[in-house]
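Residue numbers for the sequence shown follow the working numbering, so the first one is 828 and each next one is one higher.
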Amino acid sequence: MKKIIISLGTILFVILLIISARQLKNRNQETANEGKNQQIKNNANQKERIPYQARAEQEYITNREAAIRDFYDFSDDPLFKRAIIDGRKFFLVGYDHGYLPSTDTPTWGGVLIFEQTSEGKFNLFWESSKEYIVHAEGGYSRFQDLTNDGIPEIVVQDIPGASGSNIAYTIYTWRDKTFKVMIPTEPFGKGTATKVGGQIKDIDGDKIMEIIDGYIDEKNMLHQEIYKYNGTEYYLWKKEIKKANQ
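Here it is as structure tokens:
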């Protein structure tokens, strides 16, 4: 009887070992399949993801439409600029100027803001009413807290004019549950001048950013306009003219 009990115990132990081995094999197979599926997905994304300018040409749409489709298809890309304002999640998408292939009509750049809902969905929340020339010469759009209040502004550096020597800024601030213009600076520069990349930095140590536009004229003189925040808006604080590289 004792031998029978020992034999049954041994058999049960062996059965449990077999079951455990099969479960482990299944888990390993599931993990391998998940990894393979993710790799397939990644490869597909890498293959399908192309610059929105190229997508615009392929799909016969404007750069704006291509930028919107690109965001919806690849919204999990960490390179998209994002900010949390009043507990709401916003994503910034800037698009460069381009041309509609059918007519060669210029379709200049702009700024789009998407909001992620609590359900994880994305909606186009806001877009700039002005069209910007933010091209490879150095223009950009981004979130940045200029006023040191914990709420980021939308900063757009615009480079109007065919020469690329002019620089202008538009700053949007969060007000009344939307984004509104805080400051549009005038294009600053001349067609024959050498542009000086605009700067946003704290020059007086008050932890609030100043906005600096500038250009160098034909006589190698540096012209600068400095805008300062007064608690409500940016205003032209001072102009400077001095020898360049001083």
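All residues carry an ideal CB built from backbone N, CA and C; glycine is no exception. Since this is a predicted model, take the numbers as computed values, not measurements.
Outcome for residue i when other beta-carbon atoms lying within 10 angstroms are tallied against a minimum of 16
| i | result |
| --- | --- |
| ARG876 | exposed |
| GLY1016 | Legend: pLDDT at GLY1016 = 48, less than 50; position of this residue unreliable, value from coordinates given subsequently. That one is buried. |
| GLY947 | exposed |
| LYS874 | Only weak support exists for where LYS874 lies, its pLDDT of 47 falling under 50; the value from the coordinates is given anyway. It counts as exposed. |
| PHE1006 | buried |
| PHE901 | exposed |
| GLN923 | Reading off the sequence shown, one finds Asp at residue 923, where the question assumed Gln. With 16 or more other Cβ atoms within 10 Å, it is buried. |
| THR932 | The predicted position of THR932 is uncertain, since its pLDDT is 48 and thus under 50; no value can be drawn from it. |
| ALA963 | Legend: pLDDT at ALA963 = 38, less than 50; position of this residue unreliable, value from coordinates given subsequently. Exposed: under 16 other Cβ atoms inside 10 Å. |
| LEU951 | exposed |
| TYR1042 | buried |
| GLY1025 | buried |
| TYR996 | buried |
Identity of the residue in the options nearest residue i by Cα
| i | options | result |
| --- | --- | --- |
| ASP772 | PRO905, ALA1071, TYR967 and ILE911 | No statement about residue 772 is possible, as the shown extent of the chain runs from 828 to 1073 and does not include it. |
| LEU973 | GLU942, MET1048, ILE998 and LEU951 | ILE998 |
| PHE917 | SER956, ASP1003 and PRO979 | PRO979 |
| LYS1069 | TYR1061, LEU1049 and GLY1058 | LEU1049 |
| ILE1030 | ILE911, GLU1052, ILE846 and PHE898 | GLU1052 |
| GLY937 | ASP985, GLU1060, GLU886 and LEU1063 | ASP985 |
| ILE912 | LYS1034, PHE941 and TYR1056 | PHE941 |
| PHE949 | TYR1062, TYR996, ILE1010 and TYR899 | TYR899 |
| ARG915 | THR1059, LEU1063, GLN943 and ASP903 | GLN943 |
| GLN971 | GLU954, GLN885, ILE1035 and LYS1004 | ILE1035 |
| GLU954 | TYR996, LEU919 and GLY977 | LEU919 |
| LEU1061 | MET1009, TYR887 and SER847 | According to the sequence displayed, residue 1061 carries Tyr and not Leu. Closest option to TYR1061, Cα to Cα, is MET1009. |
| GLY1058 | ASN975, ILE888, ARG849 and GLY1032 | ASN975 |
| GLY1032 | LYS1046, TYR1056 and LEU1063 | TYR1056 |
Identified DSSP bridge partners for residue i
| i | result |
| --- | --- |
| GLY1025 | None, per the DSSP bridge assignment. |
| MET1048 | LYS1070 |
| LEU1063 | TYR1054 |
| ALA995 | ASP985 |
| ASN950 | GLU942 |
| SER968 | VAL983 |
| TYR899 | Beta-bridge pairing links TYR899 to no other residue. |
| ILE1039 | GLN1026 and ILE1053 |
| THR1005 | ARG1002 |
| ILE1076 | Only positions 828 to 1073 of the chain appear in this structure, which leaves residue 1076 out of reach. |
| GLY815 | Nothing can be reported for residue 815: it is not among the residues displayed for the chain, which extend from 828 to 1073. |
| ILE877 | Answer by DSSP bridge pairing: none, since ILE877 is not bridged. |
| GLY1032 | None, per the DSSP bridge assignment. |
| ILE1010 | ILE998 |
Test item: CB-CB of residue i and residue j under 8 Å
| i | j | result |
| --- | --- | --- |
| TYR1054 | GLU1037 | yes |
| ILE1027 | VAL982 | yes |
| SER968 | GLY921 | yes |
| ALA881 | ASN890 | no |
| LEU939 | ALA910 | no |
| TYR879 | ASP897 | yes |
Residue i CB to nearest heavy atom of the ligand MN below 7 Å
| i | result |
| --- | --- |
| ILE911 | Absence of the ligand MN is noted for the structure shown, with no ligands found whatsoever. |
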